[in-house]
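Below: one structure, written as C-alpha cells.
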Amino acid sequence: MTEPSVNLRNPALAALLAWLIPGAGHIYQGRIGKGILYAICILGLFFIGLIMGEGKIVYWRWVNPLQNPEKFPLYYLGQFFVGLPSLPALLQSLLERYGHAPILGGFMAEPSQNALNALQNRLGKLVEIGSIYTCVAGLLNILAIYDAFDGPAYQDETSPDAPAVRASAGGIPAGGSA
Amino acid sequence: MNPSASVEVYWLILPLVIAISLVYSASRHESWRRIWWHSARLCVWIMGLLVMATAILLLINTQA
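Now the structure itself:
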C-alpha cells in the first residue's frame, strides 16, 4: 500500500489556526476543501446553536465545579474549542471577575438567572438543543485540530483528488508522526 | 410545548448527525471519495441506532 503524505507545513501553527478558526489550519496547509468542510460543519453547528439560544447559551463563569456543580457552565468546556467565536465569553467573564463592565453590548456575558429562566420558559427544549449544538461543534473541532496537527488517521491509497505532496520538505506521512 | 412541536424537535438531530459524520470521516481520510463513503455509512448507522432506541423507548412507554 502506498503511503500518501500530506504536507502539514508547520503542524503547531496549523493546529493553533485550526483552533482559532475551524478550517483555517487546513487552508494554511493547502487542504482547502477539507478546511471549507470543517468550517461549514463546525461554524454552522456553532452559530445555528447560538441563534437557537438567542445568543445567551455561550457564557463562562468562574466557579469551582466541586463546590458548586449546578452553577458550573459545563457546556463551555466543549464550546471553548470552537476558538475565536467562543472567546468573547471568556473575555466577558474575566472583565466581570476584575470588576469591569461588559463590552460588546454584553454579547456572551453571563446572563442573570432570571434571564436564563425566562429563556428556558420561552424556548423550552431549544435552549438545551442549542447548547448541545454549540458544545458538539467545539468537540468536533478537537478532531479537526488533531487532523491539522498530525494528518488523517488512516493511510489512504493515493487518489487523484487528495492533495498529497509526496515527501516534500515538512511532508509527514498521513496517519502518524514521522 | 405542544406535542407536534416536540416531534419537530427530533428533526434537529439530523444536521447534528450529518455534521458529526462528515467531520469524523474527514479526520480519518484524505481522499474525498472515502470521506463521502465513510460519512454516509456512519450517518446511516447513527440514525439507525437512534431510530431503534427511540422505537424501543416508545414501545416501553406505551406498554406501561
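Chains as they are written, first to last, in the working numbering: chain A, 1 to 178; chain B, 179 to 242.
For every residue, glycine included, the Cβ atom is placed at its ideal position computed from N, Cα and C.
Residue i: contacting residues in chain A (beta-carbon distance under 8 Å)
i, result
"B/Arg206", "Pro152, Ala153 and Tyr154"
"B/Leu194", "Leu45, Ile132, Tyr133 and Val136"
Span separating the alpha-carbon of residue i from that of residue j
i, j, result
"B/Ala197", "A/Phe107", "26 Å"
"B/Leu237", "B/Leu227", "15 Å"
"B/Trp223", "B/Tyr202", "13 Å"
"A/Leu77", "A/Asn117", "22 Å"
"B/Val195", "B/Val187", "14 Å"
"A/Ala109", "A/Ile132", "19 Å"
"A/Lys34", "B/Gln241", "47 Å"
"B/Thr232", "A/Tyr75", "25 Å"
"A/His96", "A/Ile103", "The residue you asked about is not His; residue 96 of chain A is Glu in the sequence shown. The straight-line gap from Cα to Cα measures roughly 10 Å."
"B/Trp210", "B/Ile191", "24 Å"
"B/Trp214", "A/Tyr146", "20 Å"
"A/Gln92", "A/Gln79", "15 Å"
"A/Asn68", "A/Ser86", "23 Å"
Cutoff 6 Å; reference residue i; Cβ partners in own chain excluding five residues on either side
i, result
"A/Phe149", "Pro11 and Ala15"
"A/Phe72", "Val63 and Pro65"
"A/Gly89", "The residue asked about is misnamed: residue 89 of chain A is Ala in this sequence, not Gly. If we look at A/Ala89 and ignore the five residues flanking it on each side, its Cβ neighbours are Val58, Tyr59, Trp60 and Met108."
Within chain B, partners of residue i - CB distance below 8 Å
i, result
"A/Cys135", "Neighbours of A/Cys135 on chain B: none; closest Cβ ~11 Å, over 8 Å."
"A/Ile42", "Ala197 and Val201"
"A/Leu50", "Those do not exist, as A/Leu50 stays about 14 Å from chain B at its closest Cβ, beyond 8 Å."
"A/Ile129", "Val187 and Leu190"
Cutoff 8 Å; reference residue i; Cβ partners in own chain excluding five residues on either side
i, result
"A/Ala144", "Ala18, Pro22, Gly23, Gly25, His26, Tyr38 and Ile42"
"A/Leu20", "Gly83 and Leu84"
"A/Met52", "Leu123, Leu126, Val127, Ile129, Gly130 and Tyr133"
7 Å Cβ cut-off: residues of chain A touching residue i
i, result
"B/Ile224", "Ordered by position in chain A, no residue passes the 7 Å Cβ test against B/Ile224, which lies about 12 Å from the chain."
Neighbour list for residue i in chain A, Cβ cutoff strictly below 9 Å
i, result
"B/Tyr188", "The premise fails here: B/Tyr188 is roughly 10 Å from chain A at the closest Cβ pair, so nothing lies under 9 Å."
Residues that residue i contacts on chain B, provided the C-beta gap is smaller than 7 Å
i, result
"A/Ala101", "Under the 7 Å cutoff, chain B gives no residues; its nearest Cβ is about 35 Å from A/Ala101."
"A/Val244", "Any question about residue 244 of chain A goes unanswered here, given that chain A covers just 1 to 178."
"A/Leu37", "Leu200 and Ala204"
Neighbour list for residue i in chain B, Cβ cutoff strictly below 9 Å
i, result
"A/Tyr28", "Correct list: empty, because the minimum Cβ distance to chain B is about 16 Å."
"A/Ala144", "Val201, Ala204 and Ser205"
"A/Tyr75", "Chain B residues near A/Tyr75: none, gap ~14 Å exceeds 9 Å."
Spatial neighbours of residue i in its chain, beta-carbon cut-off 7 Å, leaving aside the 5 residues before and after
i, result
"B/His216", "Ser203, Arg206 and His207"
"A/Ile36", "Gly23"
"B/Leu220", "Ser199, Tyr202 and Ser203"
Can we say the stretch 40–55 of chain A touches the stretch 124–144 of chain A, given the rule of at least three CB pairs closer than 8 Å?
-> yes
For the 8 Å Cβ check, are there 3 or more pairs between the stretch 50–62 of chain A and the stretch 126–138 of chain A?
-> yes
Length-filtered (4 minimum) alpha helix (DSSP H) runs lying within the stretch 98–163 of chain A = 113–123 and 125–150
Whole alpha helix (DSSP H) runs in the stretch 27–61 of chain A with 4 or more residues, listed along the chain?
-> 32–38 and 44–52
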